[in-house]
Amino acid sequence: MRRGAIAILPLALGVATYGFAFGVLAAEAAFSPLAIGTMGVVVFAGSSQIAAVDQFLTTGTVIGAALAGAALNLRYIGIAASMTPILKELSWPARLVALQYATDENFGFTLAERAKDPSVGGRFLLGSGLTIMAFWVTSTVAGAIIGQTIPDLDRFGIGFAFTAAFIAMARAMWPGRRALIPWIVTFVITVALVKLGLPTAAALIIGAVSGVATDFLVNRDDS
Amino acid sequence: MTADHWLLIAVLCASTIGLRAVGYIAGAAMMERPLFRRILQVFPGCLVTALVASALANGTPAAYAAALASLATAIVTRNIVATMAAGMAIFVAASSFL
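Order-wise, the sequence lines are chains G and Y.
For the first sequence, the positions run 632 to 854 when the numbering used here is used.
For the second sequence, the positions run -12 to 85 when the numbering used here is used.
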């Protein structure tokens, strides 16, 4: 466990930088440092937290924000399924903790280390996950505290920060040219629906589902 | 802070833990179905694109300029903090000109 906790430190520092930025943004949406810390511990899903706080800030509704956050978490079904063989060596309580604190970063890192050394497994995943969680929670709370003390964050362009974060996430998720047309369709339909006055949450879901349907149409060979 | 803030945290907590548990218990069987596997692969990217689109739908020219700068930075650096910094800087600069 200690080995994973130490080996993940460089990646954890990277997570902390955008954790700090997220904390500042969350303070803008009136989340207290205590709430942000609590969210980090009990939710612990960076992109989902960012999407939910953004939607909460722009729409003011819990349903829309929760829907956006939960929809982004769907990918954890696949990640958790892939973790099954690695987690089997842990006790049930440790297994649940490792499952909760697995991220794209530490799960991918564990798999990469396991490919080099088969003794790397559940304990490594658990240690690395706990380290990432500690860095995430600390940095988001620090960001929220700083965000509360800086007046008029708009002059720093904070109003665009979430959009930029989503663009960075999209870049990280880019699977290659096959996504180009589905993503363009998603973009155009979502913009049109928002312009037509549809609630943002509905526009998001319809836009994303249209993109998935387009993927099935234009990438038939992949099915 | 309002009760809605805590309600959102509670709902997100339930959905995250629930989806991770579903993935652990039944994920392997679900991923064996090509249709389901493909939806799980494609949906998150489309949703993030939709989030960008909804943010820009009623955006100013400055927001579109900042989005292009963010996209270029994201492609080159693949770094979320650098992308946010570039986007915010261009947004502030472009807002005074456009």
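Ideal Cβ placement from N, Cα and C applies to all residues, glycine included.
Since the model is a prediction, treat every value here as computed from it, not as a measurement.
Under 9 Å from the C-beta of residue 51 (chain Y): neighbouring residues of chain G: In chain order: nothing, as chain G lies at least about 10 Å away.
Same chain only: Cβ atoms within 7 Å of residue 720 (chain G), ignoring 5 sequence neighbours per side: 752 and 753
Chain G within 9 Å of residue 20 (chain Y), Cβ atoms only: no
Per-residue DSSP class, three states only, for residue 721 (chain G): coil
Whole-angstrom distance between residue 796 (chain G) and residue 68 (chain Y), CA atom to CA atom: 8 Å
Buried/exposed call for residue 687 (chain G), threshold 16 Cβ in 10 Å: If you draw a 10 Å sphere on the C-beta of residue 687 (chain G), you find 16 or more other C-beta atoms in it, and that means buried.
Cα-Cα separation, residue 10 (chain Y) to residue 28 (chain Y): If you take the alpha carbons of residue 10 (chain Y) and residue 28 (chain Y), they lie about 14 Å apart.
Whole runs of the alpha helix (DSSP H) within the segment 676 to 716 of chain G, excluding any shorter than 4 residues: For the segment 676 to 716 of chain G, whole alpha helix (DSSP H) runs of length 4 or above, ordered along the chain, are 677 to 690 and 693 to 703.
Residues from the segment 2 to 34 of chain Y in contact with chain G, defined by Cβ distance under 7 Å: Answer in chain order: 2, 3, 4, 6, 7, 9, 10, 11, 14, 15, 17, 18, 21, 25, 26, 27, 29, 30, 31, 32, 33 and 34.
N- and C-terminal bounds of the alpha helix (DSSP H) containing residue 767 (chain G): Boundaries of the alpha helix (DSSP H) around residue 767 (chain G): 753 to 780.
Residue 707 (chain G) and residue 36 (chain Y) closer than 9 Å at C-beta: no
Integer-rounded CB distance, given that residue 843 (chain G) should sit under 8 Å from residue 30 (chain Y): 6 Å
Where residue 20 (chain Y) falls: helix, strand or coil (DSSP): In this structure, residue 20 (chain Y) counts as coil in the three-state DSSP scheme.
Cβ of residue 84 (chain Y) within 9 Å of any chain G Cβ: no
Distance between residue 768 (chain G) and residue 636 (chain G) (C-alpha atoms, nearest Å): 15 Å
Residue 685 (chain G) burial status per 10 Å Cβ neighbour count (16 or more: buried): buried
Sub-9 Å separation of residue 98 (chain Y) and residue 711 (chain G) beta-carbons: Missing from the structure shown is residue 98 (chain Y); chain Y here goes from -12 to 85 and no further.
Cβ neighbours of residue 54 (chain Y) in the same chain (closer than 8 Å, five flanking residues each side left out): 39, 43, 46 and 74
Residue 74 (chain Y), enclosing alpha helix (DSSP H) - first and last residue: 67 to 84
Contact set for residue 845 (chain G): own chain, Cβ-Cβ below 8 Å, skip 5 residues either direction: 812, 813, 816 and 817
Below-9 Å beta-carbon distance, residue 641 (chain G) vs any chain Y residue: no
Residue 667 (chain G) versus residue 63 (chain Y): straight-line alpha-carbon distance, rounded: When rounded, the distance between both Cα atoms is 31 Å.
For residue -7 (chain Y), the three-state DSSP class (helix, strand or coil): The answer is helix: DSSP assigns residue -7 (chain Y) an H, G or I state.
Integer Cβ distance of residue 699 (chain G) from residue 833 (chain G), believed to fall under 8 Å: The pair is not a contact, with the Cβ atoms about 11 Å apart (cut-off 8 Å).
Any chain Y beta carbon closer than 9 Å to residue 717 (chain G): No, because no Cβ of chain Y sits closer than 9 Å to the Cβ of residue 717 (chain G).
Simplified DSSP state of residue 829 (chain G), which is helix, strand or coil: coil
Residues that residue 779 (chain G) contacts on chain Y, provided the C-beta gap is smaller than 9 Å: What residue 779 (chain G) touches in chain Y: nothing, since even the nearest Cβ is about 11 Å away.
Cα-Cα separation between residue 653 (chain G) and residue 745 (chain G), rounded to whole angstroms: 31 Å
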